[in-house]
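2 protein chains.
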Amino acid sequence: MTDQPRRRNAAQTRQALLDVARARFARHGYAATTVRDIADEAGVNVALINRYFTSKEGLFEACLGMAVTDVDRATEQVEHRDIAEVMARRLAGASGDGRTHDALLLLVRSSGDARIDELRRSVLRAISRKLAGAAEPDEAALLRGQVVLATALGIVLLRNTIGVEPLASAGEQELREVFTDLIRAMVA
Amino acid sequence: MTDQPRRRNAAQTRQALLDVARARFARHGYAATTVRDIADEAGVNVALINRYFTSKEGLFEACLGMAVTDVDRATEQVEHRDIAEVMARRLAGASGDGRTHDALLLLVRSSGDARIDELRRSVLRAISRKLAGAAEPDEAALLRGQVVLATALGIVLLRNTIGVEPLASAGEQELREVFTDLIRAMVA
DNA sequence: GCTCGAAGTAAACGATTGCTGACTTAGTAT
DNA sequence: ATACTAAGTCAGCAATCGTTTACTTCGAGC
Numbered sequence: 001m002t003d004q005p006r007r008r009n010a011a012q013t014r015q016a017l018l019d020v021a022r023a024r025f026a027r028h029g030y031a032a033t034t035v036r037d038i039a040d041e042a043g044v045n046v047a048l049i050n051r052y053f054t055s056k057e058g059l060f061e062a063c064l065g066m067a068v069t070d071v072d073r074a075t076e077q078v079e080h081r082d083i084a085e086v087m088a089r090r091l092a093g094a095s096g097d098g099r100t101h102d103a104l105l106l107l108v109r110s111s112g113d114a115r116i117d118e119l120r121r122s123v124l125r126a127i128s129r130k131l132a133g134a135a136e137p138d139e140a141a142l143l144r145g146q147v148v149l150a151t152a153l154g155i156v157l158l159r160n161t162i163g164v165e166p167l168a169s170a171g172e173q174e175l176r177e178v179f180t181d182l183i184r185a186m187v188a
Numbered sequence: 001m002t003d004q005p006r007r008r009n010a011a012q013t014r015q016a017l018l019d020v021a022r023a024r025f026a027r028h029g030y031a032a033t034t035v036r037d038i039a040d041e042a043g044v045n046v047a048l049i050n051r052y053f054t055s056k057e058g059l060f061e062a063c064l065g066m067a068v069t070d071v072d073r074a075t076e077q078v079e080h081r082d083i084a085e086v087m088a089r090r091l092a093g094a095s096g097d098g099r100t101h102d103a104l105l106l107l108v109r110s111s112g113d114a115r116i117d118e119l120r121r122s123v124l125r126a127i128s129r130k131l132a133g134a135a136e137p138d139e140a141a142l143l144r145g146q147v148v149l150a151t152a153l154g155i156v157l158l159r160n161t162i163g164v165e166p167l168a169s170a171g172e173q174e175l176r177e178v179f180t181d182l183i184r185a186m187v188a
């Protein structure tokens with residue numbers, strides 16, 4: 001917040017739209033999310049979505065880009081052997097840690113556009129490569145990395161979006177324990 | 001097929017709608033699926049959806065019910081200690097085995113209706129209870145069962161819906177191997 | 001203080017959504 | 001053969017969707 005809160009600020013408005021859209025796309029999916037809902041929650045006029053992002057799909061793609069940036073930043077300085085530990089901590093984090101969870105959820109949501117879907121696939125592959133725990137994993141290791149990724153996605157789904165007990169309100173400690181066991185069996 | 005194919009057959013039409021709807025709801029989600037799409041693919045008039053299922057949500061709920069029946073029938077005569085093996089085989093099955101995969105996918109799709117969501121949660125809890133491998137699992141065992149369920153859901157998502165390689169075209173043998181390892185580490 | 005471009009607003013557009021009611025057709029029982 | 005009911009059709013409703021256009025308002029630079 002280096003600049004004082006101007007009432008008219010394009011960058012700020014753009015960011016507000018991105019934040020709201022990301023959360024809603026992640027939690028309810030693309031089709032179930034309305035541009036009017038997004039604009040209203042962001043306290044912004046609907047037309048600005050098209051002005052800043054061309055279309056609803058453009059906004060979705062921008063959200064995906066932001067999520068990718070988040071994932072990259074969260075993993076770039078982490079040693080391969082520590083990835084699992086970091087992911088366990090993020091996953092087990094309180095439900096309030098929406099950013100990480102939404103980033104993962106976004107990666108399983110589709111807008112129906114083939115080009116965006118391909119982008120999403122490449123990101124998922126990149127993540128599973130890191131989860132495989134090797135710089136240049138062979139196919140078998142990559143497969144196991146993707147199974148770990150599948151578990152992470154499933155956990156976020158069951159825990160945050162659907163809210164299945166006791167997983168939804170499991171403590172960070174015990175969840176991390178289970179996830180660590182899993183990783184040891186899969187990629188260690 | 002005990003009765004000859006009459007041209008007008010309510011039960012047959014109803015079932016055709018159910019089959020198509022289940023596949024589309026599972027693969028594209030509730031909101032992204034159109035009643036007209038369902039009717040067209042089933043070769044049936046749109047109005048019949050409302051006649052037989054009251055509403056789009058009614059059809060969705062009926063699909064969920066059918067999926068529940070499928071899951072029950074697939075697990076009722078299986079010993080607790082064999083559940084994992086059975087699930088591994090189903091999961092690893094060819095992508096053509098749509099029924100099992102769609103049944104799982106349906107359980108992570110929401111229509112937005114709170115009552116249906118609660119039904120869905122109870123089904124997911126029941127499955128994870130079986131996966132926990134004990135008749136009366138304690139909370140810790142139940143949690144691990146839900147993590148296994150999360151993995152299964154994530155795998156179907158990545159493998160069938162999104163199509164991430166090499167998971168999407170992994171052979172039944174190797175996938176089953178990995179999943180068996182996972183279960184051994186989680187609930188064995 | 002005036003101006004001019006950027007930021008934001010309002011209203012409506014065409015298309016599509018789920019759904020309904022009046023209608024037609026097919027099959028069966030008498 | 002005829003009548004009656006169930007199965008299926010058709011056209012259109014009201015609501016909502018994403019998007020566009022013309023407009024108003026703010027705020028910085030001269």
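Line order of the protein sequences matches chains V and U.
Just so you know, we're using the numbering used here here: the first sequence kicks off at 1 and counts up by one.
Just so you know, we're using the numbering used here here: the second sequence kicks off at 1 and counts up by one.
Just so you know, even glycine gets a beta-carbon here, dropped at the ideal spot from N, CA and C.
Check                                                                                                : Outcome
CB contact check: Gly-29 of chain V to chain U, cutoff 8 Å                                           : yes
Host alpha helix (DSSP H) of Thr-69 of chain U (start-end)                                           : 56-75
CB-CB length for Leu-17 of chain V against Val-46 of chain V, believed under 8 Å                     : With 8 Å as the limit, Leu-17 of chain V and Val-46 of chain V do not qualify as a contact, their Cβ atoms being about 10 Å apart.
Proximity to Gln-12 of chain V [Cα-Cα], best of V:Arg-36, V:Ala-42, V:Thr-33, V:Ile-38               : V:Ala-42
Separation of Asn-9 of chain V from Leu-175 of chain U, as counted between CA atoms                  : 52 Å
Contact set for Ser-55 of chain U: own chain, Cβ-Cβ below 7 Å, skip 5 residues either direction      : none
CA-to-CA distance, Gln-146 of chain V to Leu-167 of chain U, given in whole angstroms                : 7 Å
First and last residue of the uninterrupted alpha helix (DSSP H) at Leu-105 of chain V               : 98-106
With 16 other Cβ atoms within 10 Å as the buried cut-off, status of Asn-160 of chain V               : buried
Minimum Cβ-Cβ distance from Gln-173 of chain U to chain V less than 8 Å                              : no
Buried or exposed by the 16-neighbour rule on C-beta atoms within 10 Å, applied to Asp-40 of chain U : exposed
Simplified DSSP state of Gly-43 of chain V, which is helix, strand or coil                           : coil
Within-8 Å CB hit, Glu-61 of chain U to chain V                                                      : no
Interface flag, Gly-112 of chain U vs chain V, CB-CB below 8 Å                                       : yes
Residue-chain proximity (Val-147 of chain U, chain V), Cβ-Cβ < 8 Å                                   : yes
Contact with chain V by Pro-166 of chain U, beta-carbon distance below 8 Å                           : yes
Cβ of Ala-170 of chain V within 8 Å of any chain U Cβ                                                : yes
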